[in-house]
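Here's the structure we're looking at; comments come further down.
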Amino acid sequence: MLDISSHDVVLVGGGGAGLRAAIAISEAAPNLSVAVVSKVYPMRSHTVAAEGGAAGVRLADDSLDDHAYDTISGGDWLCDQDAVEVFVKEAPVELMRLEHWGCPWSREPDGRIAVRSFGGMKNTRTWFAADKTGFHMLHTLFQTSLKYDAVTRYDEYYVTRLLVDDGRVQGVVALELTTGKVQAITAKAVILCTGGCGRVFRFTTNAAIKTGDGMALAYRAGAPLKDMEFVQYHPTGLPFTGILITEAARAEGGYLLNKDGYRYLQDYNLGTAEPKPVLRSMELGPRDRLSQAFVREQEKGRTVAGPYGPVVNLDLRHLGAKTISAKLPFVRELCLKYEHIDPITQVIPVRPVVHYMMGGVHTDLNGATPVKGLYAAGEVACVSINGANRLGSNSLPELLVFGARAGRAAAAYAAEQKPPARHLLAQALDEEARLQEQFLQKSGGREPIADLRDEMQKIMEQCAGIYRSGESLAGAAGKLHELQDRFRDIRLDDRGHLFNTELISALELSCMLEVAETMAQCAMERTESRGAHQRTDYPARNDEKFLAHSMTYRTTEGRPRVGYAPVTITRWPPAERVYGR
Amino acid sequence: MINPTEYLPKSYHTRISTYWWLTRWAYLKFILREASSVFVAWIVVLTLLQIRALTDGPAEYAELQKWLQSPLLLALNAVSFFFVVFHAVTWFNLAPKAMAIRVRGKRLPGLAIAAPNYVAWAAISAAVAWILLRG
Amino acid sequence: MANRITLEVTRYHPAHDEKPRLEAYEVPLRKEWVVLDALNYIKDHLDGSLSFRWSCRMGVCGSCGMTVNGVPKLTCATFLSDYAPGPVRVEPMKNFPVLRDLIVDTSDFLLKLAKSKPWIIRKVEKPLDEEYFQTPTQLDAYKQFSMCINCMLCYAACQVYGLDPLFSGPAAIALAQRYNLDSRDQGAGERLDILSHHEGIWGCTFVGECTKVCPNNVDPAGAIQQYKLTATMEWVKSFVLPRGAK
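Protein chains in written order, with the working numbering: chain S, 31 to 611; chain P, 4 to 138; chain E, 1187 to 1432.
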């Protein structure tokens, strides 16, 4: 029952990066056939949830070098500076392209595109569409993509493995959700645009679909995962739901207050408490430092006890109804809907929440991974422009810049390749047999998916969170290993083919376990503190040994093996990260 | 062995019931509004009948008046009056939806578009009443 | 508040069910839980085979539209406690073919959306270093219609769509209107040719339920009526004005 189809380039994932890549290919090489294979309809992709904005130099008093410096210092010097230079140069062009495609950017009274301030940026350069920037970008990209006939969509297809032959990736095997049919989709090049893996943690802003599928696919196919120990906690999530309250709330002038109503960030080397927002200072510091300050404040007993653990208060009341309604309508809507709180008159309880993976599949400036024919862009990839801590509003332009670059590079590569070999079908048949044996026709099975997932999320939060130690990480690694074993005894209630969401959950869980293991392993081996990776047993940065990217490979036994690769430094030698001064 | 027919996509199509408009007040209101057109048409026919009777002479007109006083016609016209008012009110309330009028960049609130309709309605009714009732 | 509530959930598996049936599940009733949380509780702890779509659980991805006690709702934004003491009936969205349990086939919308050309159409393009100025007022003219998350609740509420599946439907027309009203667009004429027919804007009888169920105040009913007005004006113009003058 295997179906076969063939395209020149296959994109896995239909979010911002995937759609940008699809359009880039269609514009660069209109004769190439492009497939967008996504486990959800493209407009459901998690780009939709990005709120605050997209950074790109725009004003006369700003410069590309300033944006580069903010990004590199924000990333605690772990960014590849050649990549950052490319990124800051192309970001404004890509954002303007979206303007031409109809993105409803917020405007100045005279009609020019407006920009707002953002955390960790010393100039104002964040383009925004109120506080639903990701939503508008994704829908603009999706609607624009509809006009390209060369783009074929495989909506609600879950990719279970990459087809690799002769050292080259030559397609994917995918499960059509509606029917359960296994489909081989061959291609001359494959681009992974599947986003991050926030769901390995319990408390996250990430949508249910963000389960590290692409990272696991690449890792299993032999590509290294880079800098996986760097997990971004966003300082302001709503308790219980983990819904994000955008950084724009602080950029517009919101305060973070402890239980005494005190702006506690001034105690953590982040500047002095001015009434108006000051760039690169206090509430506009970088996300890693703000989340770490929360933990320290909690240790001092100065956080507010809430029904879902400690929180601090985000105070927007002094901004007034007009600013909140015009600039932060979604924040207000979310607070009203989920917390029954009106930020115009009440403070918002918030706490740090897992938000973004700085790490991902290792790629070069064109999205190419070390495995021939395999490309990656967006959160799934690590180019790296985000280093040890991503700056807010850099991820949206990243998926445009590197989505487009990967698309063009893959198109050029595909144009020179021969059609995929027929014998790839044997691999696809193997995969179909594996899915049957491991899941659908397996007898018995005792481990419920939800239990394994809960245990994984709990151990990751406890042991690999904002602060980690060698001991806690070793505990996590051991537990994850155990969970991997128990996964083999997984129990499915649903053995049917039609829209088997339980089977998909099981496949996603296997990806998450694999990715979580790489995170614990390289966090254990990085015996220093840098950016979002804070070791209680190694509190200082160690440039001598660790000004390097961790590269995690999968051994033949399926275990992670960590190596290191140098960081590219062009014009900004490593220095101290200074905020609030 | 997998049964190949299992892979065939199949789906369940629900049919809308003939009485769907009874399931919710909003739907019923919609159907009543659509039905009100019949009564609006009846008022038009009635007016035409009155004009013909007038041109035919006083005897014919008196006969029509008498006919109109029969209980059946009174009941019909009472119901028609209700529906015509219902039609007018719902029509005026829908008007703001269809018209997005902007004044100095701000969209006029719905009330500002509906209100003039009501005012005109009241004014014309008052004028008609004045003509009919003054002597 | 009682601490448990019953959910009556539609179950349907095309391979062995003739038609959908309801199954009751008892779940904890927690004040911060939405209907989606209850469904996830069922899937995780009571019956792993229950199938439904969801993703962002913050009302912006548009995946989790269902019928809750007869009304189209995003289940991630519908609080369980509002239905206490229950039972709460959770069914798939109406007017769509049911594929499995709470999952419906919405692929028809994607085809209709693409047909209504929801992208910027222009005769001449500016180079990329220039922007199209757009004042906040011009932005405001279409902004409301750009807020559509494609959740399909409006189709589930639309009786015209239920009776005539060929009808373009509320969201597709609202999104066409979103581009028509965008000061950067010149494609209104092309879209009018596509949508000004009896399966397009003229199919709408203005029940107005689409607007009522929209979780983002997009007002598709308004979009369609305004579109009808525009179409009528264009039609009148085509008589009054000499050829080529419009």
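Don't be surprised by glycine CBs; every beta carbon is placed ideally from N, CA and C. Because the structure is a prediction, the values reported are computed rather than measured.
Residue j beta carbon less than 9 angstroms from that of residue i
i         : j        : result
S/Val42   : S/Val220 : yes
S/Ile55   : S/Arg438 : yes
S/Ala440  : S/Tyr405 : yes
S/Tyr188  : S/Leu168 : no
S/Glu409  : S/Gly422 : no
E/Thr1391 : P/Glu37  : yes
S/Pro373  : S/Val383 : no
S/Glu115  : S/Leu94  : yes
S/Val230  : S/Leu287 : no
S/Ala353  : S/Glu282 : Going by the sequence as given, residue 353 of chain S is Thr instead of Ala. For S/Thr353 and S/Glu282, yes; Cβs fall inside 9 angstroms.
Buried/exposed call for residue i, threshold 16 Cβ in 10 Å
i         : result
S/Leu503  : buried
S/Glu304  : exposed
S/Val597  : buried
P/Ile5    : Bear in mind that a pLDDT of 39 at P/Ile5, under 50, signals an unreliable position, so the number given afterwards is only what the model happens to contain. So P/Ile5 ends up on the exposed side.
E/Lys1432 : Since pLDDT at E/Lys1432 reaches only 46, below the 50 mark, its modelled position is unreliable, and the value read off the structure follows with that caveat. Flag for E/Lys1432 reads exposed.
P/Tyr22   : exposed
P/Glu66   : exposed
P/Phe85   : exposed
P/Ala44   : exposed
S/Phe15   : It is not possible to answer for residue 15 of chain S, since the shown part of chain S is limited to 31 through 611.
Proximal chain E residues relative to residue i, where beta-carbon distance stays under 9 angstroms
i        : result
P/Ala115 : Residues of chain E passing the Cβ test: none, with the nearest at roughly 15 angstroms.
S/Gln447 : Correct list: empty, because the minimum Cβ distance to chain E is about 30 angstroms.
Under the three-state DSSP convention, the category residue i falls into
i         : result
S/Tyr386  : strand
S/Met245  : helix
S/Arg607  : coil
S/His453  : coil
S/Leu205  : strand
S/Leu404  : strand
S/His511  : helix
S/Gly46   : helix
S/Ala412  : Looking at the sequence itself, residue 412 of chain S is Cys, so the reference to Ala does not match. If DSSP states are grouped into helix, strand and coil, S/Cys412 belongs with the strands.
P/Asn6    : With a pLDDT of only 42 at P/Asn6, under the threshold of 50, the placement of this residue in the model should not be trusted, and no figure is reported.
S/Phe233  : coil
E/Gly1434 : Outside the displayed range of chain E (1187 to 1432) lies residue 1434 of chain E, so it cannot be described from this structure.
E/Phe1265 : strand
S/Thr582  : strand
S/Lys256  : strand
S/Val597  : coil
S/Ala65   : strand
Opening and closing residue of the beta strand (DSSP E) in which residue i lies
i         : result
S/Met167  : Here S/Met167 belongs to no beta strand (DSSP E); instead the alpha helix (DSSP H) covers Thr163 to Ser175.
S/Gln213  : Val212 to Thr216
S/Ile221  : Ala219 to Leu222
S/Val116  : Where S/Val116 is concerned, there is no enclosing beta strand (DSSP E), although the alpha helix (DSSP H) it sits in stretches over Gln111 to His130.
S/Tyr178  : Neither: S/Tyr178 is in no beta strand (DSSP E) and is coded neither H nor E.
E/Arg1259 : What sits at residue 1259 of chain E in the sequence shown is Lys, not Arg. Run containing E/Lys1259: Val1257 to Leu1260, per the beta strand (DSSP E) assignment.
Boundaries of the alpha helix (DSSP H) in which residue i is found, first to last residue
i         : result
S/Thr531  : Thr531 to Glu555
E/Gly1348 : Gln1345 to Leu1349
E/Ile1410 : Pro1406 to Val1426
S/Gly267  : S/Gly267 -> not in any alpha helix (DSSP H); beta strand (DSSP E) instead, spanning Val261 to Gly267.
S/Asp100  : Leu94 to Gly104
S/Ile354  : Gly350 to Lys357
S/Thr271  : Unbroken run through S/Thr271: none, as it is neither H nor E.
P/Lys32   : Trp28 to Asp59
8 angstroms Cβ cut-off: residues of chain E touching residue i
i        : result
P/Phe95  : Chain E residues near P/Phe95: none, gap ~14 angstroms exceeds 8 angstroms.
S/Thr234 : Correct list: empty, because the minimum Cβ distance to chain E is about 11 angstroms.
S/Thr271 : Glu1218, Arg1243 and Met1244
P/Thr58  : Simply none; closest approach about 35 angstroms.
Cross-chain neighbours of residue i in chain P, by beta carbon under 9 angstroms
i         : result
E/Glu1395 : Arg27, Ala29, Tyr30 and Phe33
Within chain P, the residues that residue i reaches when beta carbons sit closer than 7 angstroms
i         : result
E/Thr1323 : Gly108
E/Asp1291 : Ser14
E/Phe1392 : Leu97
Within chain B, the residues that residue i reaches when beta carbons sit closer than 7 angstroms
i         : result
E/Asn1336 : In the structure shown, chain B does not exist; the protein chains are S, P and E.
Chain E residues whose Cβ lies nearer than 7 angstroms to that of residue i
i        : result
P/Ala62  : Near P/Ala62 there are no residues of chain E at all, since even the closest Cβ is about 46 angstroms away, more than 7 angstroms.
S/Asp524 : Gly1234 and Ser1235
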